[in-house]
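Residue numbers (the working numbering): 57 to 207.
Okay, structure first, notes after.
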DNA sequence: GCCAACGTTGGC
DNA sequence: GCCAACGTTGGC
């Protein structure tokens, strides 16, 4: 089992929305590195759900991967913001996974919290200019984030 | 709204 | 293959 951090703008898709729906396809990833991470996701992997571009950016709760990577349907949908006319059905360019709501954190683990924790120094999300919407998290980092959530 | 830090595009 | 221009992300 591995851990991942997935970013979403709550205006687009929030953790509260995932809680309501239970499960949701994680679509719209259009970055090759992030896509490769999606393809490495396995059912049961833990997802740290991060809210970005909002009042209080941070990790708000846990989800898990409930379906392994499959072709992201939005790439073939001309009405979608994520439509990619260059992607072919015979050779889909973009993948998505399905994620399932696990549990809310008792409190939001803010960016400042993440930065303050020595064990999280190397966390990819904290690297300047990192814009990947899916990044791997080490078991030690996941543990530290959960500890911050309980603090 | 600003701006730094990227990734992508396309001319050459 | 280089690299400038451009677009996007996301914290602040």
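In this text, a Cβ means the ideal position worked out from N, Cα and C, and glycines have one as well.
All values reported here derive from a predicted model rather than from experimental measurement.
Terminal residues of the beta strand (DSSP E) in which residue i lies
| i | result |
| --- | --- |
| residue 189 | First-last for residue 189: undefined, no H or E at that position. |
| residue 62 | 59-64 |
Rounded Cβ spacing between residue i and residue j (contact assumed at less than 8 Å)
| i | j | result |
| --- | --- | --- |
| residue 182 | residue 176 | 7 Å |
| residue 154 | residue 81 | 5 Å |
| residue 149 | residue 131 | 6 Å |
| residue 147 | residue 121 | Contact doesn't hold; Cβ gap of about 24 Å is too wide. |
| residue 190 | residue 93 | 4 Å |
| residue 77 | residue 85 | The Cβ separation is near 19 Å, so there is no contact. |
| residue 162 | residue 205 | 6 Å |
| residue 173 | residue 200 | 5 Å |
| residue 209 | residue 98 | The question about residue 209 has no answer, for the chain in this structure spans 57 to 207. |
N-terminal and C-terminal residue of the alpha helix (DSSP H) that residue i is part of
| i | result |
| --- | --- |
| residue 143 | Element bounds for residue 143: n/a, residue is neither H nor E. |
| residue 171 | 167-172 |
| residue 176 | Run containing residue 176: none; DSSP gives neither H nor E here. |
| residue 195 | 195-206 |
Residue(s) in a DSSP beta bridge with residue i
| i | result |
| --- | --- |
| residue 153 | 82 |
| residue 159 | 118 |
Secondary structure, beta strand (DSSP E): runs of 3+ residues fully inside the segment 69-112: 79-82, 102-107
Between the segment 131-142 and the segment 107-117, do three or more beta carbon pairs fall short of 8 Å? no
Continuous beta strand (DSSP E) assignments of at least 3 residues falling wholly in the segment 114-139: 114-127
Would the segment 163-179 and the segment 120-130 be scored as touching if the rule is three or more Cβ pairs under 8 Å? no
Counting Cβ pairs, one atom from each stretch, are 3 or more of them under 8 Å apart for the segment 100-113 and the segment 61-75? yes
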